[in-house]
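Chemist: Heads up: the sequence shown at position 62 corresponds to 573 in this note's numbering, and the numbers run straight through without jumps. All residues carry an ideal CB built from backbone N, CA and C; glycine is no exception. For clarity, every value in this text was computed on a predicted model and none was experimentally measured. Please find one structure pasted underneath; my questions will follow.
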Amino acid sequence: MAEYLRYIEPIKLAKRENRLEDAIALCLKAIKSTEKESRAEKIGVAPWYYMQAAIVYRKMKEKDKEIEILRRFLSQKQAPGGMPKEIKQRLAKLEGKL
């Protein structure tokens, strides 16, 4: 099992309990893990963690960090699926391009 998968429930719980600093710390650990696996296995990163980090940064009113994490995702090898499109749209909206 990929190491980053163990962070899903703790991230959800921290968000639910409004422990935003904990949630972002967990997201960043998971992001580091998925990026490491992506490089080693030549596969795309798991986008869910980037989106969760962006959501938490939004709640924390950290727009610059929200943009930064979305750009970080877009700089990685991406897996197929709908979430990369959602992330691109979110970033475009933040940057005033939509």
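Leaving out five residues on either side along the sequence, give the residues of the same chain with a beta carbon under 7 angstroms from the beta carbon of V567.
Modeler: If we look at V567 and ignore the five residues flanking it on each side, its Cβ neighbours are K526, L531, A534, I535, C538.
Chemist: Out of E528, K576, S549, R550, state which residue places its alpha-carbon closest to the alpha-carbon of M562.
Modeler: That would be K576, whose Cα lies nearest to the Cα of M562.
Chemist: So the alpha helix (DSSP H) Q563 belongs to, where does it begin and stop?
Modeler: Looking at the DSSP string, the run of the alpha helix (DSSP H) that includes Q563 is 559-570.
Chemist: Could you tell me the distance, in whole angstroms, from the CA atom of S586 to the CA atom of K570?
Modeler: Cα-Cα distance, rounded: 24 angstroms.
Chemist: Can you tell me whether R601 is buried or exposed? The criterion is at least 16 other CB atoms within 10 Å of its CB, across all chains shown.
Modeler: That one is buried.
Chemist: With a threshold of 16 other CB atoms inside 10 Å of the CB of A603, please say whether the residue is buried or exposed.
Modeler: Exposed: under 16 other Cβ atoms inside 10 Å.
Chemist: Measuring CA to CA, which of Y518, E579, R583 is closest to E546?
Modeler: Nearest C-alpha to E546: R583.
Chemist: Rounded to whole angstroms, what is the Cα-Cα separation between G593 and K574?
Modeler: Each residue's alpha carbon lies about 23 angstroms from the other.
Chemist: Q600 by DSSP, collapsed to three states: which one?
Modeler: It is helical.
Chemist: Thinking just about the alpha-carbon of each residue, which of W559, E579, K572 is nearest to the one in E597?
Modeler: Measuring from the Cα of E597, the nearest candidate turns out to be W559.
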